[in-house]
Structures are given as C-alpha cells and as structure tokens.
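Enquirer:
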Amino acid sequence: MTNITDEVHRGAICDLRALQQPGLQTFKRYIRGSLPGPPFWRLTGMQPTEAGLGKATYSMPITPWLADGTGVYWGGIYAMFADAPLASAIWTTLPAGKVLSTSELNMCFIRPITSNTQNIVGRATTVHSGSQVGLSSIQINDQDGRTLAYGSTRCLIADFPVNPDQELPLPDLGPTDPPDPYLRPPPKPYFCDMGHLPEQVPIELQRTTINEGRIHPVWLLTGYRAIEIENGRCISTMPSSPWFSNGTLSIYGGLLAWAADFTMGAAVYSTLPAGSIFATLDMHIRFARPAKLNSGDLILEAQVLHRGRQLRVSSCNIDTPSGKRVAIATGSALMIPGGAQMLSDGKEPDEIIATATSGKPWTP
125 MTNITDEVHR GAICDLRALQ QPGLQTFKRY IRGSLPGPPF WRLTGMQPTE AGLGKATYSM
185 PITPWLADGT GVYWGGIYAM FADAPLASAI WTTLPAGKVL STSELNMCFI RPITSNTQNI
245 VGRATTVHSG SQVGLSSIQI NDQDGRTLAY GSTRCLIADF PVNPDQELPL PDLGPTDPPD
305 PYLRPPPKPY FCDMGHLPEQ VPIELQRTTI NEGRIHPVWL LTGYRAIEIE NGRCISTMPS
365 SPWFSNGTLS IYGGLLAWAA DFTMGAAVYS TLPAGSIFAT LDMHIRFARP AKLNSGDLIL
425 EAQVLHRGRQ LRVSSCNIDT PSGKRVAIAT GSALMIPGGA QMLSDGKEPD EIIATATSGK
485 PWTP
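Residue numbering for the sequence shown follows the numbering used here, starting at 125 and increasing by one per position.
1) For TRP198, I'd like the list of residues in its chain whose CB is within less than 7 Å of its CB, leaving aside the five on either flank, ordered along the chain.
2) By DSSP, does PRO473 sit in helix, in strand, or in coil?
3) On the premise that THR150 lies in contact with ALA142, defined as a C-beta separation below 8 Å, what is that separation, rounded to the nearest angstrom?
4) Taking the alpha helix (DSSP H) that PHE164 belongs to, which residues open and close that run?
5) Using the three-state DSSP reduction, which class does ILE339 fall into: helix, strand or coil?
6) Measuring alpha carbon to alpha carbon, tell me which of ASN335, TRP215, LYS152 and ALA464 ends up nearest CYS279.
7) What three-state label does DSSP hand GLN145 in the structure shown?
8) Quick one, which of TYR202, GLU328, GLU475 and SER456 has its alpha-carbon nearest PRO185's?
9) How many angstroms separate the CA atom of THR372 from the CA atom of GLN267?
10) As an exercise, report each continuous beta strand (DSSP E) stretch of at least 3 residues that is fully enclosed by the segment 188-237, in chain order.
11) Note the first and the last residue of the continuous beta strand (DSSP E) segment covering ASN428.
12) Given 8 Å as the limit, is there contact between the segment 358-367 and the segment 422-429, that is, 3 or more CB pairs closer than that?
13) What three-state label does DSSP hand PRO172 in the structure shown?
14) Starting from GLY455, follow its DSSP beta bridges and name the residues at the other end.
15) Please report the residue range of the alpha helix (DSSP H) in which THR387 lies.
16) For ALA282, which of PRO305, PRO299, SER253 and GLY275 has the nearest alpha-carbon?
17) Got a sec? Which residues, its chain only, sit under 6 Å from VAL342 by beta carbon, not counting five neighbours each side?
18) Excluding five sequence neighbours on each side, which residues of the same chain lie with their C-beta closer than 7 Å to the C-beta of ILE351?
19) Could you pull the start and end residues of the beta strand (DSSP E) that ALA282 belongs to?
20) What are the boundary residues of the beta strand (DSSP E) that includes ALA350?
21) Quick check on PRO305: does DSSP put it in helix, strand or coil?
22) My assumption, with CB atoms under 8 Å, is that ILE401 sits in contact with ILE460. Please give the rounded CB distance.
23) Please classify GLN290: is it buried, with 16 or more other beta-carbons within 10 angstroms of its beta-carbon, or exposed?
24) Considering only the beta carbon of each residue, do GLN145 and ALA220 sit closer than 7 Å?
25) Leaving out five residues before and five after LYS416 in sequence, what residues of the same chain have Cβ atoms less than 7 Å from its Cβ?
26) The alpha helix (DSSP H) with SER468 in it runs from where to where?
27) Leaving out five residues before and five after THR238 in sequence, what residues of the same chain have Cβ atoms less than 7 Å from its Cβ?
28) If you draw a straight line from the C-alpha of LEU345 to the C-alpha of ASN127, how long is it?
29) Thinking C-alpha only, which one of LEU307, PRO160, GLN256 and ASP469 is nearest ASP317?
30) Note down, in chain order, each residue of its chain lying with its Cβ closer than 6 Å to the Cβ of VAL325, except the 5 sequence neighbours on either side.
31) Taking the straight line between their C-alpha atoms, what separation do you get for THR395 and LEU229?
32) Give the secondary structure of TYR314 by DSSP, where H, G and I count as helix, E and B as strand, and everything else as coil.
33) Considering just the uninterrupted stretch of the beta strand (DSSP E) at ARG134, what are its terminal residues?
34) With DSSP collapsed to three states, give me the class of LYS448.
35) When burial is assigned at 16 or more other CB atoms within 10 Å of the CB, is CYS440 buried or exposed?
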C-alpha cells in the first residue's frame, strides 16, 4: 500500500474567513459545519464538538490506522490529539485577526488506549490569555468517561489583520472520493508473528522491519519511517505533507509531537532484552520554529539519555532537511519485563501495565 500522504490532500488551508470573526464565533461555525475543517481533521476524524469562552472540546475516533504493527496505540496519540483543543480554547478568548502557534506542549499519560477505546474526548480550558501568550490545560477521557491523559500548553499570540467585510474566495477542499482516510478499511498490522514476539530481541526486530520494509498502519497514514536503529538511538523521517496542516501553512504541532514520541519509543525499545516492552509515561516538546508544508522530509533523531532498572529517559530533535531545528522533545518510559508474552497472549495494554506496577513478579 502507498502512504496516504502521497495522495492529494483535502480540507481547508489558509481559509482567512476563520480570522474575520472573534475566535469563539469561528469555532461555533466549525462545529455547525459552516466553515470547512483543515486537512488534519479530514485525515484523522478529529473535530471540535463544543466551544465556550475559554473552553474547547474535541473528539477523535480511535481507528486501527493509528496503531503500530502489533495493534498497540502509543502514548503520542494523546499529544497528536491534545494540541488542537488546547490551542482552540485560547483562540476562543481572542478577537478577530489573531493567530496562535504552539510554543510548548506537556503530556502525562494515565491509561493506555486499548482495543475497547472507540473514541477519545479532550476538554481544554484556558488558564491565561494575554496579548502575546496564552496558557491552557486539557483532560482526555474515553467514551466511558475514564481519564486517559492530562496536558498543558503555552501558545504565542500574534496579529494577522483581515478585513472583516471582505468577500473571500472559498478554499479548494480537494477530492471527495474515496472517503476520508480514517473512514477507509485499515491495513492489516504486521510487525512480526505475535506468537514469537517474546523470543525476539527488539533491536534485531527493528532492523528487520527496516530492511524488509515492514509497515505499521500509522506509518502508512503519516508517511513516517524509521531509517536507522542503533542501541539507544533511532533516526526517522517524515514528509512535510499538506495533510498535516491544521489550517495554516505549517505542520500541526500535535503531529510533530506524535512523531517525536514514536522515535523516542523506538530508541527505548532498541535497548530492551527479549521479552520486554515499555509504556510511555510522559512527554514534553518545545517548538523552535514552524515546519513549513512541502519543504522536504523532516529528520527526527532520538537517543536514550538514562537507562535505569525500571525507567528510561529519552530525547528527540526534529530538524528540517537543511538542518534547522524545529522542535526538541523529552520523554520517560516504564520498562515491563515479560510484557511481550502478555501482549502475545492477547492481554490489553492496561492489564499489562497494571501487572507491571502491582509490585508482584510476573509469571507465565
């Protein structure tokens, strides 16, 4: 299968009508459908569902397109999702002619996404909205109301004057057929024979994946690829596709956070012995500059900074093709000895983590 990002994108980019009214009115128009959503919403199914002064709620379906080759959903999915409602909550407090850019995003992961998670809901609230800086926080729940993650952000606010009375052209929204990517039948995940996962040495499995061109569903959705693995180090690339626009000419920050988390996770996984897996606990990313659309493949390089008995700490740099720094991320992960066997046996990630944190030794 080809990458979704190789297709012509769909959705609105640089629709200046969104800046002709105060932020709260704009988001109510998005919710009503009188303003078209940007490409990233069309890619994933993410959409705003409620908006009030200083508040924004979004939902996103959890489809197999977001999973890795073992069917597991990594913690970075929460960061991918959270950035939009966090920024939107601040935007609802702003007058017309203002734009936002994420400067910093922090996420704490509480529960993992499982096969029972149908969709996630993020409720963001503004903490501070000034003339240049806005702060907000978010709680992410599943469809049953269970808290999955918590996060916060700092956004920079800038002027982008638009004539509120000017008749602006309708944006080109792209094709309508086939259905939006998240609605299509997903590819079958394949990382390895799950029955043999407990025997596999992680770094050898990762190198086989690269050499044989094995594909995770989320890689096909995003065009992300790991290209080099060493012990405690991973280098990956990701296209600067217009599909990644959240309405602007730059890549959506939440997608960059997801890519950083996946690269850091790969670096951590490469350090583990056979039979072990890991669970991401948290991540933090700072954005140094926008990553422009259609500017070539981004380069992500992650390395493990600390190798404790239970905890791994890693970092990731995201650079443009010319070497300019886009973002810097850090994260921590919990080691789970015996977790590969539990995953092979069909246990859900939340069951595996509960076993790992119970203090009781795991026995087959």
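Every residue gets a Cβ at the ideal spot worked out from N, C-alpha and C, and that includes glycine.
If you're wondering where the values come from, they're calculated on a predicted model, not measured in any experiment.
Expert: To lay it out plainly:
1) As a position in the sequence shown, residue 198 is number 74, starting the count at 1. These residues qualify, in order along the chain: ASP192, ASP385, PHE386, GLY389 and THR404.
2) Your numbering for residue 473 matches position 349 in the sequence shown. If DSSP states are grouped into helix, strand and coil, PRO473 belongs with the helices.
3) Taking the first residue of the sequence shown as position 1, residue 142 is located at position 18. Taking the first residue of the sequence shown as position 1, residue 150 is located at position 26. Their Cβ separation, rounded to whole angstroms, is 5 Å, which keeps ALA142 and THR150 in contact under 8 Å.
4) Reading the sequence shown from its first residue, position 40 is the one you call residue 164. Taken as a continuous stretch (DSSP letters only), the alpha helix (DSSP H) holding PHE164 covers 163-168.
5) By one-based count along the sequence shown, residue 339 stands at place 215. Per DSSP, reduced to three states, the secondary structure at ILE339 is coil, with no helix or strand assignment.
6) By one-based count along the sequence shown, residue 279 stands at place 155. Answer by Cα proximity: TRP215.
7) The residue labelled residue 145 in the question sits at position 21 within the sequence shown. Here GLN145 sits in coil by DSSP.
8) As a position in the sequence shown, residue 185 is number 61, starting the count at 1. Among TYR202, GLU328, GLU475 and SER456, the Cα nearest to that of PRO185 belongs to TYR202.
9) One-based indexing of the sequence shown puts residue 372 at position 248. One-based indexing of the sequence shown puts residue 267 at position 143. So the two alpha carbons sit approximately 30 Å from each other.
10) 222-233
11) The count along the sequence shown starts at 1 and reaches residue 428 at position 304. It should be noted that the sequence gives Val, not Asn, for residue 428. That run of the beta strand (DSSP E) goes 422-431.
12) yes
13) One-based indexing of the sequence shown puts residue 172 at position 48. Under the three-state reduction of DSSP output, PRO172 falls in the strand class.
14) Within the sequence shown, the letter at position 331 stands for residue 455. Beta-bridge pairing links GLY455 to MET407 and SER438.
15) Here residue 387 corresponds to residue number 263 of the sequence shown, with the count starting at 1. Here the alpha helix (DSSP H) through THR387 covers 377-393.
16) Along the sequence shown, read from residue 1 onward, the residue named residue 282 stands at position 158. Per the Cα distances, SER253.
17) Walking along the sequence shown from the start, residue 342 turns up at place 218. Excluding residues within five positions, the ones whose Cβ falls inside 6 Å are LEU190.
18) Counting from one through the sequence shown, the residue named residue 351 turns up at place 227. Excluding sequence neighbours, ILE351 sits near ILE334, ILE359, SER360 and THR361.
19) Looking up residue 282 in the sequence shown gives position 158. Start and end: 271-283.
20) The residue given as residue 350 occupies position 226 in the sequence shown. Element bounds for ALA350: 349-354.
21) Here residue 305 is taken as the residue at index 181 of the sequence shown, counted from 1. In this structure, PRO305 counts as helix in the three-state DSSP scheme.
22) Looking up residue 401 in the sequence shown gives position 277. Looking up residue 460 in the sequence shown gives position 336. Contact flag correct, Cβ pair sits at about 5 Å.
23) Working through the sequence shown from its first residue, we reach residue 290 at position 166. Result: exposed.
24) Translated into positions along the sequence shown, residue 145 becomes position 21. Translated into positions along the sequence shown, residue 220 becomes position 96. One thing to note: GLN145 has its Cβ within 7 Å of the Cβ of ALA220.
25) One-based indexing of the sequence shown puts residue 416 at position 292. The answer, listed in chain order, is SER364, LEU373 and SER374.
26) On the sequence shown, position 344 is the one that residue 468 refers to. Its alpha helix (DSSP H) spans residues 463-468.
27) Stepping through the sequence shown from its first residue, residue 238 is reached at position 114. Only GLU472, PRO473 and ASP474 meet the Cβ criterion.
28) What you label residue 345 is simply residue 221 of the sequence shown in a count that begins at 1. What you label residue 127 is simply residue 3 of the sequence shown in a count that begins at 1. Annotation: LEU345 to ASN127 spans about 6 Å, alpha carbon to alpha carbon.
29) Taking the sequence shown and counting its residues from 1, the one referred to as residue 317 is at position 193. When only C-alpha atoms are compared, the closest one is ASP469.
30) For the purposes of this step, residue 325 is taken as the residue at position 201 of the sequence shown. Around VAL325: ALA398.
31) Stepping through the sequence shown from its first residue, residue 395 is reached at position 271. Stepping through the sequence shown from its first residue, residue 229 is reached at position 105. Each residue's alpha carbon lies about 26 Å from the other.
32) Numbered from its first residue, the sequence shown carries residue 314 at position 190. Three-state result, TYR314: coil.
33) Reading the sequence shown from its first residue, position 10 is the one you call residue 134. Annotation: ARG134 is outside any beta strand (DSSP E) and is labelled neither H nor E by DSSP.
34) As a first step, residue 448 is located in the sequence shown; it is residue number 324 there, counting from the start. Residue state, collapsed to three classes: coil.
35) Stepping through the sequence shown from its first residue, residue 440 is reached at position 316. Burial call: buried.
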